[in-house]
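Q: Quick one: the structure is below, questions incoming.
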Amino acid sequence: MKAALFVLAAVGLISTAANAFPTMIRHGYTGCAACHTDPSGGTLLTEYGRAQSELLLSTRWGAAKEAEPSAASKFLLGAVSPPEALTLGGWVGAAGLHLERGRRQAGRRPRAADAHLPCRGAAPRPAARGGRARLRQRQVGAHTPEFTTGRCGDRLCQRGVRER
Amino acid sequence: MNTRNVVTGFFLVVSVVGQGAIALSRAGESSVTVLARGPAGLRIEGKSSQIDFEEDASALTFKVPIAPIETGIGLRDRHLREALEAEKFPAAILRVSRSELTFPKEHDPAEGTAQGDLTLHGRSRPVQVRYRAERGAAGVTRVHGSVQLDMRDFEIKSPSYLGVSVTPQVEVTVEMAVEGA
Numbered sequence: 624m625k626a627a628l629f630v631l632a633a634v635g636l637i638s639t640a641a642n643a644f645p646t647m648i649r650h651g652y653t654g655c656a657a658c659h660t661d662p663s664g665g666t667l668l669t670e671y672g673r674a675q676s677e678l679l680l681s682t683r684w685g686a687a688k689e690a691e692p693s694a695a696s697k698f699l700l701g702a703v704s705p706p707e708a709l710t711l712g713g714w715v716g717a718a719g720l721h722l723e724r725g726r727r728q729a730g731r732r733p734r735a736a737d738a739h740l741p742c743r744g745a746a747p748r749p750a751a752r753g754g755r756a757r758l759r760q761r762q763v764g765a766h767t768p769e770f771t772t773g774r775c776g777d778r779l780c781q782r783g784v785r786e787r
Numbered sequence: 036m037n038t039r040n041v042v043t044g045f046f047l048v049v050s051v052v053g054q055g056a057i058a059l060s061r062a063g064e065s066s067v068t069v070l071a072r073g074p075a076g077l078r079i080e081g082k083s084s085q086i087d088f089e090e091d092a093s094a095l096t097f098k099v100p101i102a103p104i105e106t107g108i109g110l111r112d113r114h115l116r117e118a119l120e121a122e123k124f125p126a127a128i129l130r131v132s133r134s135e136l137t138f139p140k141e142h143d144p145a146e147g148t149a150q151g152d153l154t155l156h157g158r159s160r161p162v163q164v165r166y167r168a169e170r171g172a173a174g175v176t177r178v179h180g181s182v183q184l185d186m187r188d189f190e191i192k193s194p195s196y197l198g199v200s201v202t203p204q205v206e207v208t209v210e211m212a213v214e215g216a
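Structure representation (structure tokens):
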């Protein structure tokens, strides 16, 4: 009993934050690959993931409870339908790096801004020299309904957190 | 121990106590849980609290209406009803012969595996039912039963949506309180 309490206390007090949506776990999505082309999650969503994003994470103003996701959940608002084996997506990220060197402010260096088509992701990645944030991502992704994923380019580096 | 850990621990304790209280308050309710699995650890749980129970001299019959089963997403509920053709076949019916069952006695729970006949999607197939029954106060028997089934046996097409399909193997669990039996 003491051991069980100790383990419970350890889990509760020593645990670190999970980089995941607890709301998605509540809906039964314990893994990332159901909705993301990257099995470790983040960025480019599959068609199914786009639909779940609208169904579970967005406020569906006026939509019936059992309605299909709107065109807003589709690539380019449904104007173009890519082949099933190809997942396309795009987003814009923005970030800045604020540095101070002594009393002199180096200034804000907004970096980011990337749109992707069909490239995957981009994220600022603090570099060791010069305090400059650099975008270090170029990926092309495709996936099949069987969840085999093919990519090329740099490793996904989300918001500069992940390292290659 | 920093403030964040204390706050985390506090909420953990509150949530555990809260869930325990909710579980106790629902101890007398019936529930049906349908568990289907998909890729990447996807778990789809359909829940309902509606179970009809009938008994006669030879068998016990459990009837679960399909329409009230909720999976947490309205659209998915609709897909579930469409896959099971709920308008045409509105309920799943499990019939288990009394001779297959061991009945609990006072302070002597019964458990085991019995063969039952499950009618789903208009098709009837024999299934193995694992069960545990415990006689409680005032002649009420708490019953826990589970059935593993394969949707293909009942000519149900595995639901698939935007490239994500669930596996045809499904687990159905029932908790209920039965008077008499």
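Just so you know, the sequences run in chain order A and B. Using my numbering, you'd call the opening residue of the first sequence number 624 and step up by one each time. Using my numbering, you'd call the opening residue of the second sequence number 36 and step up by one each time. For each residue, glycine too, the CB sits at the ideal point set by N, CA and C.
Considering only the beta carbon of each residue, do B/Arg78 and A/Thr653 sit closer than 8 Å?
A: Yes, these two residues count as a Cβ contact at 8 Å.
Q: Of all the CB atoms in chain B, is at least one closer than 8 Å to the CB of A/Leu680?
A: It does not; no Cβ of chain B falls within 8 Å.
Q: Give a yes or no on whether 8 Å exceeds the smallest Cβ distance from A/Val630 to chain B.
A: Not closer than 8 Å to any Cβ of chain B, the Cβ of A/Val630 fails to qualify, so no.
Q: Spatial neighbours of A/Phe698 within its chain, please: C-beta separation below 7 Å, excluding the five flanking residues on both sides.
A: Closer than 7 Å at Cβ, skipping near neighbours: Pro705, Leu711, Gly712.
Q: Expressed to the nearest angstrom, what Euclidean distance is found between the alpha-carbon atoms of B/Val49 and A/Leu631?
A: Their backbone Cα atoms lie some 14 Å apart in a straight line.
Q: Using the Cα positions of A/Ala745 and A/Trp684, report the straight-line distance between them to the nearest angstrom.
A: In this prediction, A/Ala745 has a pLDDT of 37, which is less than 50 and means its spatial position is unreliable; nothing more can be read from the coordinates.
Q: Just tell me which of B/Ser200, B/Met211, B/Glu141, B/Glu214 has its CA closest to the CA of B/Thr114.
A: Position check: residue 114 of chain B holds His in this sequence, whereas Thr was assumed. If we check each option's Cα against that of B/His114, B/Ser200 comes out closest.
Q: Judging by CA-CA distance, which residue of B/Ser66, B/Ala94, B/Ala127 is the nearest neighbour of B/Ser134?
A: B/Ser134 has its Cα closest to that of B/Ala94, out of B/Ser66, B/Ala94, B/Ala127.
Q: Could you check if B/Val207 is buried or exposed, using at least 16 other CB atoms within 10 Å of its CB as the buried criterion?
A: Flag for B/Val207 reads buried.
Q: Quick check on the DSSP output: what are the complete beta strand (DSSP E) runs of length 3 or more inside the region 118 to 171 of chain B, in order along the chain?
A: Taking only runs of at least 3 residues, the beta strand (DSSP E) segments lying wholly in the region 118 to 171 of chain B are 126 to 132, 145 to 155, 158 to 170.
Q: Could you give the first and the last residue of the continuous beta strand (DSSP E) run that contains B/Val67?
A: Its beta strand (DSSP E) spans residues 66 to 72.
Q: Using a beta-carbon distance below 8 Å, is A/Thr646 in contact with chain B?
A: Chain B, which has no Cβ nearer than 8 Å to the Cβ of A/Thr646, makes this no.
Q: Three-state secondary structure (DSSP) at B/Asn40?
A: Residue state, collapsed to three classes: helix.
Q: Using a cut-off of 9 Å between C-beta atoms, extract the partners of A/Leu700 located in chain B.
A: Result: empty, since nearest Cβ-Cβ is about 16 Å, beyond 9 Å.
Q: Under 7 Å Cβ-Cβ, which residues of chain A neighbour B/Val277?
A: Within the shown structure, residues of chain B are numbered from 36 to 216, placing residue 277 of chain B beyond reach of any answer.
Q: Does any C-beta atom of chain B lie closer than 8 Å to the C-beta of A/Ala674?
A: Judged by the 8 Å Cβ criterion, A/Ala674 is in contact with chain B.
Q: Quick check on this structure: which residue in B/Gly55, B/Asp152, B/Glu105 has the alpha carbon closest to the alpha carbon of B/Gln183?
A: Nearest of B/Gly55, B/Asp152, B/Glu105 to B/Gln183, Cα basis: B/Asp152.
Q: Spell out whether any CB of chain B is found under 8 Å from the CB atom of A/Lys697.
A: Not one chain B Cβ lies under 8 Å of A/Lys697.
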